[in-house]
Amino acid sequence: MATNSQFRNSTIDPASGTFGRRNAARYVGGTVAGESHASVKSYMIGFVLSIILTAIPFGLVMDAGHYGFTAGTVLGAILAFAVVQVFVHVVYFLHMDRSAEQRWNVVAFAFTVMILVIVVSGSVWIMHNATSNMEHAMSATSSEGVIPQK
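Residue numbers (the working numbering): 1 to 150.
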């Protein structure tokens with residue numbers, strides 16, 4: 001726990017933007033809460049992995065015919081690399097892991113993903129049903145696509 005002397009002796013550093021508030025922050029596990037726990041090495045690993053995970057699908061699309069890949073295979077590969085890239089971003093740039101300090105961030109992220117899946121799958125389901133119903137209505141009309149008058 002922080003003592004009063006740590007708060008009184010805090011220095012003001014205008015360049016840092018903290019203006020002495022850093023020492024008044026809540027301590028968690030021996031480190032000041034809110035401090036960055038990432039390093040330049042971590043960011044560089046994430047950056048290089050992101051470039052690689054973007055370049056491989058790009059190369060697959062550009063040379064798919066040369067290697068004899070079907071469109072479905074290329075699409076599946078692109079989706080797989082996209083999912084891997086999402087995890088790279090979550091780990092290396094958002095710094096989410098299984099530590100106790102990150103538990104609420106991971107829960108909020110999982111809730112966000114769940115809501116997105118519900119919204120997207122619900123939208124696709126509604127659009128599919130609307131299309132199916134419209135096709136059925138169009139096939140019941142005359143061959144010219146004009147609805148007959150009653």
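Built from N, CA and C at the ideal position, the CB exists for glycine as well.
Check, Outcome
"Helix, strand or coil at THR160 according to DSSP, with G and I counted as helix", "Lying outside 1 to 150, the shown extent of the chain, residue 160 is not represented and no answer is given."
"Reduced DSSP category for ARG98 - H, G, I as helix; E, B as strand; rest coil", "coil"
"Close beta carbons around GLY46, own chain, < 8 angstroms, minus the five adjacent residues each side", "VAL88, HIS89, VAL91, TYR92, PHE93"
"Same chain only: Cβ atoms within 8 angstroms of ARG98, ignoring 5 sequence neighbours per side", "VAL106"
"8 angstroms Cβ cutoff, VAL91 in contact with chain C", "The chain inventory of the structure shown lacks chain C, comprising one protein chain alone."
"ALA38, DSSP secondary structure in three states", "coil"
"Sequence-distant residues of its chain with Cβ nearer than 6 angstroms to GLN102 (five each side left out)", "MET96"
"Straight-line gap, GLY20 to ALA38 (C-alpha atoms, nearest Å)", "Note that GLY20 scores a pLDDT of 48, beneath 50, so its modelled location is shaky; the value from the coordinates is reported in the next line. The straight-line gap from Cα to Cα measures roughly 22 angstroms."
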